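Some notes on the structure that comes next.
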Amino acid sequence: MAPFGKIFTKERNPRTTAILAVAKANGLDLDVVHVDTQNPTPEFLKANPLSKVPAFVGSDGYVLTEAMAIAIYITSQNEKTTLLGKTKQDYASILKWLSFFNTEVLPKLGAWYRPLLGWDPYNKKAVDDASKAAIKAVSIVEDHLLHNTYLVGERVTLADLFAASIISRGFEFFYDKKWRSENPNVTRWYETVYNQPIYTNVAPTFELLDTPKLTNVPPKKPEQAKAPKAAKPAAPKPAAEPEEPPAAPKPKHPLDLLEKTDFALDDFKRFYSNNDEAVSLKWFWENVPFKDFSIWKVRYKYNDELTLTFMSNNLIGGFNTRLEASRKYIFGCASVYGENNDSVIEGAFVIRGQEYLPAVDVAPDYESYEFTKLDPTNPDDRAYVESMWTWDKPVVENGKEYKHASGKVFK
-6 MAPFGKIFTK ERNPRTTAIL AVAKANGLDL DVVHVDTQNP TPEFLKANPL
44 SKVPAFVGSD GYVLTEAMAI AIYITSQNEK TTLLGKTKQD YASILKWLSF
94 FNTEVLPKLG AWYRPLLGWD PYNKKAVDDA SKAAIKAVSI VEDHLLHNTY
144 LVGERVTLAD LFAASIISRG FEFFYDKKWR SENPNVTRWY ETVYNQPIYT
194 NVAPTFELLD TPKLTNVPPK KPEQAKAPKA AKPAAPKPAA EPEEPPAAPK
244 PKHPLDLLEK TDFALDDFKR FYSNNDEAVS LKWFWENVPF KDFSIWKVRY
294 KYNDELTLTF MSNNLIGGFN TRLEASRKYI FGCASVYGEN NDSVIEGAFV
344 IRGQEYLPAV DVAPDYESYE FTKLDPTNPD DRAYVESMWT WDKPVVENGK
394 EYKHASGKVF K
């Protein structure tokens, strides 16, 4: 089958990620051509005489430039898509957020990180001004997401995919633990969108920063090769004194002190991300060594204080964010069950080791949750874990049934 068209872009170009995501979701094969915008080929210049990416050339000869237009065109090839919203107001709101991130967020982020990478001339005040402008723009998104799970409506749309790819540079270079604690709504939303299969299928690996990767200092200039100096005659060496053995490096995390395991939890996380739930669960039970890992039921202690379900879901997102330092040792799902003003939070996690505390005490609010150890050989406990990870069954609290409302995956 011939490709639907050709997309000219640069590697990891933020404006292109969403286009590749919706193309894959719609089953459209795009021939991706990486270009050098400083030394464009005649074929690329024919697609866009301004030598800017992305640019699209359809197999039928249709040429389209401008990221937003290309993204909408590719998305609209599926007439039943929900990525463009359900109503005309949804569609207008999607266009609003595409434009906002394309014109308000990305240029300011670019003016912040590009000089620090040596891609643009460096000026300390200009970088400082750009960082403040970018922070201000993103604060508007933070306020919006306080009351909304996604940018538009109650499910992922093109606006989320496009915006996540734009703001990814912030998470790549600047958004450390402190920033994420101050912007929990954007952080929760970004992790939610990023972990959607439609996005992870095309996006680069996502790693949260402990500290900013870039700070406002001039980029290092490439070192010039120095002429070798004439060698001086070597002075006689004094008799060597016996050296003390170097101190053993301190473990970075308490769980690093456990006996080494041959199983990497990241292997399951990748498998889960790329396979159906039923296949992933079968793989989980067959491969995880429970002498090295344990499974836990997690229940929120203060369910009677929960109000709106989306706020409860944000509560889970905040807890997940604060577990970041233990990410490599934990996988699980927690969900809100019920409806506004009548809901509960429950979940199930697999944790490195046989105790939960060393993994979760990095989150100051872990005491708000009750942890109950489960038996991986017990069919009822296994069924509970599977229901928590597939979100396909209600839970019963005090004799009352609560249906699944929303949830988050920590991986």
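For the record, in the sequence shown the residue sitting at position 181 is 174 according to the working numbering, with numbers rising by one throughout. Where a beta carbon is used, it is the ideal one built from N, C-alpha and C, also for glycine. What you are looking at is a predicted structure, and each value in this text was computed from that prediction instead of being measured.
Helix, strand or coil for residue i per DSSP?
i	result
residue 360	helix
residue 122	helix
residue 370	coil
residue 140	coil
residue 24	strand
residue 325	strand
residue 259	helix
residue 283	coil
residue 341	strand
residue -1	strand
residue 375	helix
residue 311	helix
How would you call residue i, buried or exposed, if buried means at least 16 neighbouring beta carbons within 10 angstroms?
i	result
residue 54	exposed
residue 294	exposed
residue 197	exposed
residue 138	buried
residue 158	buried
residue 300	exposed
residue 112	exposed
residue 56	exposed
residue 389	exposed
residue 161	buried
residue 105	buried
residue 142	buried
Using CA coordinates, which residue listed in the options is at the minimum distance from residue i?
i	options	result
residue 272	379, 99 and 119	379
residue 129	391, 154 and 99	99
residue 187	172, 154 and 170	154
residue 179	256, 66 and 307	307
residue 339	289, 349, 348 and 110	289
residue 287	263, 12, 348 and 279	348
residue 251	68, 364 and 322	322
residue 18	82, 149, 257 and 107	149
residue 7	35, 45, 258 and -3	45
residue 292	37, 213 and 329	329
residue 260	396, 247, 280 and 253	280
Using only the alpha-carbon positions, how far apart do residue i and residue j sit?
i	j	result
residue 140	residue 33	45 Å
residue 357	residue 319	13 Å
residue 43	residue 64	19 Å
residue 151	residue 93	13 Å
residue 284	residue 61	51 Å
residue 31	residue 202	31 Å
residue 275	residue 211	51 Å
residue 314	residue 103	26 Å
residue 326	residue 384	9 Å
residue 70	residue 16	9 Å
residue 360	residue 342	16 Å
residue 49	residue 96	20 Å
residue 204	residue 20	38 Å
residue 270	residue 382	8 Å
Just checking residue i against the ligand NAD - is the residue's beta carbon closer than 7 Å to any of the ligand's heavy atoms?
i	result
residue 366	The ligand NAD is absent from the structure shown, which contains no ligand whatsoever.
Starting from the N-terminal side, write out each stretch of the beta strand (DSSP E) that is 3 residues or longer and does not extend beyond the region 30 to 82.
48 to 51 and 56 to 58
Please give the ranges of any alpha helix (DSSP H) in the region 144 to 221, keeping only runs that are unbroken, at least 4 residues long and fully inside the region.
151 to 166, 170 to 175, 177 to 187 and 190 to 193
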